[in-house]
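Numbering (UniProt numbering), first residue to last: 1 to 73. Glycine included, each C-beta is placed from N, C-alpha and C at the ideal position. What follows is a short report on a single structure.
And the structure:
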């Protein structure tokens with residue numbers, strides 16, 4: 001699952017590929033924002049991403065596109 005996180009006052013968004021479901025990611029984001037804590041996601045390689053919930057501008061949850069190597073017709 002691909003998750004894009006926009007951070008306030010940052011020119012680029014954070015892109016994370018995670019094994020979590022869309023519902024699980026949405027739940028984590030909602031809990032972090034409502035509690036005013038940090039959003040912690042673990043990517044598919046086991047690395048952790050920690051973002052302060054107060055600085056999150058938007059979160060886009062989508063199913064990454066597989067097989068995007070090479071030419072497409």
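Distance, Cα to Cα, residue i vs residue j?
i: residue 32; j: residue 39; result: 5 Å
i: residue 11; j: residue 52; result: 16 Å
i: residue 13; j: residue 59; result: 9 Å
Look at residue i and residue j and say whether their C-beta atoms are less than 8 Å apart.
i: residue 2; j: residue 62; result: yes
Here's a check: name, in chain order, each residue in its chain whose Cβ is nearer than 7 Å to the Cβ of residue i, leaving out the five neighbours to either side.
i: residue 57; result: 6, 7 and 8
i: residue 54; result: 36
i: residue 22; result: 1 and 61
Can you name, in chain order, every residue of its own chain whose Cβ lies under 8 Å from the Cβ of residue i, other than the five neighbours on each side?
i: residue 48; result: 40, 41 and 42
i: residue 28; result: 20, 39, 40 and 41
Among the options, which one has its Cα closest to the Cα of residue i?
i: residue 18; options: 44, 34 and 50; result: 44
i: residue 15; options: 50, 23, 24 and 4; result: 4
| message | What ranges does the alpha helix (DSSP H) occupy inside the segment 14-54, keeping only unbroken runs of at least 4 residues that lie completely in it? | response | Within the segment 14-54, the complete alpha helix (DSSP H) runs of at least 4 residues are 22-35.
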